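Working notes for the structure below.
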Amino acid sequence: MNVLGIIASAVAALFITVVLAKGVRRTALRSGIGREPGARPSRAGVVRRLGGATVVIGVGTAAAGGSGLGAAGDGGRAVTGLLAGAGIVAALGLVHDVRPLGVPLRVAVQTAAATLAVCLAGLSPVAGVLAVIWIVLVTQAFALLDTSDGALATVGAVTAAGLLACAAVDGRSGLALLPAALLAGLIGFLLHNWHPARIRPGASASLFTGFVLASSGALIHAAAPPERAAWAALPVLATVALADTALVLASRRRASRPLLQGGGDHITHRLRRIRVTVPGTAVVLGLWAGAAVVAGTLVYAGVLHPALALVPPAGSALAVLALLRIPAYVAPPRTATRRPAPGTPAPTAPAAAEPARIPAGRPTVPPPPTGRPTVGLTADRS
Numbered sequence: 000m001n002v003l004g005i006i007a008s009a010v011a012a013l014f015i016t017v018v019l020a021k022g023v024r025r026t027a028l029r030s031g032i033g034r035e036p037g038a039r040p041s042r043a044g045v046v047r048r049l050g051g052a053t054v055v056i057g058v059g060t061a062a063a064g065g066s067g068l069g070a071a072g073d074g075g076r077a078v079t080g081l082l083a084g085a086g087i088v089a090a091l092g093l094v095h096d097v098r099p100l101g102v103p104l105r106v107a108v109q110t111a112a113a114t115l116a117v118c119l120a121g122l123s124p125v126a127g128v129l130a131v132i133w134i135v136l137v138t139q140a141f142a143l144l145d146t147s148d149g150a151l152a153t154v155g156a157v158t159a160a161g162l163l164a165c166a167a168v169d170g171r172s173g174l175a176l177l178p179a180a181l182l183a184g185l186i187g188f189l190l191h192n193w194h195p196a197r198i199r200p201g202a203s204a205s206l207f208t209g210f211v212l213a214s215s216g217a218l219i220h221a222a223a224p225p226e227r228a229a230w231a232a233l234p235v236l237a238t239v240a241l242a243d244t245a246l247v248l249a250s251r252r253r254a255s256r257p258l259l260q261g262g263g264d265h266i267t268h269r270l271r272r273i274r275v276t277v278p279g280t281a282v283v284l285g286l287w288a289g290a291a292v293v294a295g296t297l298v299y300a301g302v303l304h305p306a307l308a309l310v311p312p313a314g315s316a317l318a319v320l321a322l323l324r325i326p327a328y329v330a331p332p333r334t335a336t337r338r339p340a341p342g343t344p345a346p347t348a349p350a351a352a353e354p355a356r357i358p359a360g361r362p363t364v365p366p367p368p369t370g371r372p373t374v375g376l377t378a379d380r381s
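According to numbering that gives the first Met the number 0, the sequence shown is numbered sequentially starting from 0.
See the structure below:
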């Protein structure tokens, strides 16, 4: 395993991402490109449309350079296919940030990119089909995590660390290169994305992150030795992203809302409703992902029995059931109307007041003379 090459690629990804994120933010501030609509001047540095490109360029450049220098070892073809597919979904996300695309088109492009990565990796037809389904599912699940400052970058970095550990157990530098570069790139991006975020990933970086993680997991699973319980260990690493997707789908189905319509019903939104701070939300998600990653990595390494890989999904299912009890949709206020008690006649409209009658023979009081103030009236101050 070319450890020095992988470390060099990770350092390059960290440096490129940090520098690009700072440069993109300054450019957006000066030109107004990518600024969120309605952003206050104090929050004008929050860039969405161009923020994801920094992760894509930083990680992609570092991984491609490391592969060219031999850090990928004998897995250079698989790394090339994975980078090509990740570049396709990143371009898709960038277009979606500028002009939203329909779900069928996005799923079709992701499927094509996953097929390209799987074909260049040399998987069998059956394993390839299963890998494509897994890649599309996890990619879309990670894309839904971009709902709070630092949430996507934190969960993505923790998951990448788990994949890096699994690849290192088998000594496969080709499969460890991309998780290492992604881990470093997300850490560099998190320096600008931590609350209050000065730059945000958008669909470009979220789709890119999900695709790289899902594809790396599928390739590690396909190349794992027979004694590894990869079938039980690797899916656990995506527990948080899949739990968030399950929570959203279950919540919208219970509320009879469209499944593909956005809303404040994700894990981050519900944690905020119970007064968890934005940084605290990212920490909670990171610890949740970390517990799943540790369990999955230990099962993959053979330290724990494969049955223990069911503990994180079971705990996540209980967490989803608990989060479902937190209201996510605010109903419109209803106007309170009081109904009359049975047998009570309906109130009638008040009759118009009749003018006071002046008894005959009594003189009328003339109005005050003009120019004198009238007692009891307030002068008009307008």
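Note that CB positions come from ideal geometry on N, CA and C, so glycine has one too.
Here the structure is a predicted model, which means the values were calculated and not measured.
Among the residues of its own chain, which have a CB less than 8 Å from the CB of residue i, if the five just before and after it don't count?
i             : result
threonine 110 : Val131 and Val135
Give a yes or no on whether the C-beta atoms belonging to residue i and residue j are separated by under 8 Å.
i             : j           : result
alanine 156   : leucine 115 : no
threonine 280 : serine 147  : yes
alanine 126   : alanine 221 : yes
serine 66     : leucine 176 : yes
alanine 240   : alanine 159 : no
aspartate 169 : proline 224 : yes
arginine 76   : leucine 91  : no
I need the DSSP call for residue i, collapsed to helix, strand or coil.
i              : result
isoleucine 273 : coil
isoleucine 399 : The question about residue 399 has no answer, for the chain in this structure spans 0 to 381.
isoleucine 198 : strand
leucine 212    : helix
isoleucine 132 : helix
valine 302     : coil
aspartate 243  : helix
valine 125     : helix
histidine 265  : coil
alanine 229    : helix
threonine 146  : coil
leucine 100    : coil
leucine 323    : coil
proline 312    : helix
Can you give me the Cβ contacts of residue i inside the same chain, cut-off strictly under 7 Å, excluding the 5 residues immediately before and after it?
i              : result
tryptophan 133 : Ala213 and Ala217
alanine 290    : Pro311
arginine 269   : Leu322, Ile325 and Ala327
According to the neighbour-count rule (16 or more other Cβ atoms, all chains shown, within 10 Å of its Cβ), is residue i buried or exposed?
i              : result
tryptophan 260 : Looking at the sequence itself, residue 260 is glutamine, so the reference to tryptophan does not match. Counting Cβ neighbours within 10 Å, glutamine 260 comes out exposed, since fewer than 16 surround it.
glycine 263    : exposed
threonine 53   : buried
histidine 265  : buried
cysteine 165   : buried
glycine 22     : exposed
valine 2       : exposed
serine 123     : exposed
Considering only residues of the same chain and omitting the five flanking positions on each side of residue i, which have a CB-CB separation below 6 Å?
i              : result
isoleucine 87  : Ala112
alanine 237    : Val137
valine 272     : Residue identity differs from the one stated: residue 272 is arginine in this sequence, not valine. Once the five neighbours on either side are set aside, the close Cβ partners of arginine 272 are Ile325.
isoleucine 219 : Cys165, Ala166 and Leu174
Taking 7 Å as the cut-off, does the CB of residue i come closer than this to any heavy atom belonging to the ligand COA?
i              : result
tryptophan 193 : In the structure shown, the ligand COA is absent, as is every other ligand, since no ligand is present at all.
Contact the stretch 247 to 257 vs the stretch 188 to 201: 3+ CB pairs below 8 Å: Result no; under three Cβ-Cβ pairs closer than 8 Å.
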